[in-house]
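With numbering that gives the first Met the number 0 as the guide, the letters of the sequence shown map in order to residues 0 to 194.
No residue lacks a Cβ here, since even glycine has one placed at the ideal position from N, Cα and C.
Fair warning: this is a prediction, and the values are worked out from it, not measured in the lab.
To keep things clear, I will list the structure first and then write my remarks on it.
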Amino acid sequence: MIVVGLTGGIGSGKTTVAKQFEALGVPVYIADKEAKKLMRTSKIIKRKLIQLFGESAYIDRNLNKSFIADTIFNDATYLKRMNAIIHPKVAQHFKRWIAKQNAAYVIKEVAILFENDGYKQCDYIITVTAPKTLRIKRLLKRDDTTLEKIEAIMRNQWPDEKKVKHSHYVINNIDLAETKKQVHQINRDILKKIQ
């Protein structure tokens, strides 16, 4: 099975692009969404996160996102340690998911595809980009967050220029109609390459 990694900085529009591939019939695995599910349902992950962050990591069996975000914001080593707990479980889950797919290729959407070496398991890589000011504007509108927190996340992600150098395709996500055209073109190109 051909795996196409889809990545991009926070606020670049990865989810928008993923939905457009889905509309073309391409199975899409959203790693962040699955990670959140596993943090809620996996007893092993839950136990390890409580060991890492303390009892405040969960409130009424739900992940205490704001507490964890604040902890990570104040000490980036927590992010590395949390990723070391979650990423192996997400990788196992992805393997089970991919075994059930029946398509020419699948999309694996991962925010930190390069940062966590996930790109090594991909046949092709698509990076979604957008100007930083636009990304910040989108995030302030979409999330209950601050400029300070957005910039802290951005500092933990590779810059676009570095991602682009390691990518097979780049989607500049500024105009939705243009983005859609780029998705269709990439889909045609990948299908051609696999045949």
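Report task. Enumerate in chain order the residues of its own chain whose CB-to-CB distance from Thr70 is below 8 angstroms, with the five nearest sequence positions on each side excluded. Result -> Phe52, Tyr77
Query raised in the report: Fully enclosed by the segment 28-56, which alpha helix (DSSP H) runs are 4 residues long or longer?
Result: 30-40, 42-52
Query raised in the report: So, Val89 versus Glu33, is the Cβ gap smaller than 9 angstroms?
Result: yes
Query - Sequence-distant residues of its chain with Cβ nearer than 8 angstroms to Thr14 (five each side left out) - result: Ile29, Glu108
Query raised in the report: Among residues of its own chain, excluding the 5 on either side of Phe72, which ones have a beta-carbon nearer than 7 angstroms to its beta-carbon?
Result: Lys148, Ala151
Requested in this report: Can you give me the Cβ contacts of Gln181 inside the same chain, cut-off strictly under 7 angstroms, excluding the 5 residues immediately before and after it?
Outcome: Ile170
Query - Local conformation of Ile173 per DSSP, three classes - result: coil
Query raised in the report: Distance, Cα to Cα, Ala110 vs Asn61?
Result: 22 angstroms
Query raised in the report: For the candidate residues Pro26, Leu23, Leu48, Val25, whose alpha-carbon lies nearest to that of Lys268?
Result: No information on residue 268 is available, as it lies outside the stretch 0 to 194 that the chain covers here.
Requested in this report: Return the first residue and the last residue of the alpha helix (DSSP H) that Lys79 is part of.
Outcome: 76-98
Report task. Please report the Cβ distance between Val16 and Thr178, rounded to the nearest whole angstrom; I am assuming they are in contact, meaning their Cβ atoms lie under 8 angstroms. Result -> 7 angstroms
**Report entry** Given Arg154 as reference, the closest of Lys164, Val163, Lys131 once Cα atoms are compared
**Finding:** Lys131
Report task. Return helix, strand or coil for Leu112, following the three-state DSSP convention. Result -> coil
Query raised in the report: Which stretch, first to last residue, makes up the alpha helix (DSSP H) that contains Val25?
Result: Taken as a continuous stretch (DSSP letters only), Val25 belongs to no alpha helix (DSSP H), as it is neither H nor E.
Report task. Throw me the rounded Cβ distance for the Asp122 and Val2 pair, which I believe falls under 8 angstroms. Result -> 6 angstroms
Query raised in the report: Assuming Ser65 and Ile124 make a contact with CB atoms under 8 angstroms, what is their CB distance in whole Å?
Result: No, Ser65 and Ile124 are not in contact; Cβ-Cβ is about 32 angstroms, not under 8 angstroms.
Report task. Would you decide whether Gln19 is buried or exposed? Buried here means 16 or more other CB atoms lie within 10 Å of its CB. Result -> buried
Requested in this report: With Ile1 as the anchor, note down where its beta strand (DSSP E) starts and where it stops.
Outcome: 1-7
Requested in this report: Closer than 8 angstroms by C-beta to Ile43: which residues in its own chain qualify, once you throw out the five before and the five after it? Chain order, please.
Outcome: Lys88
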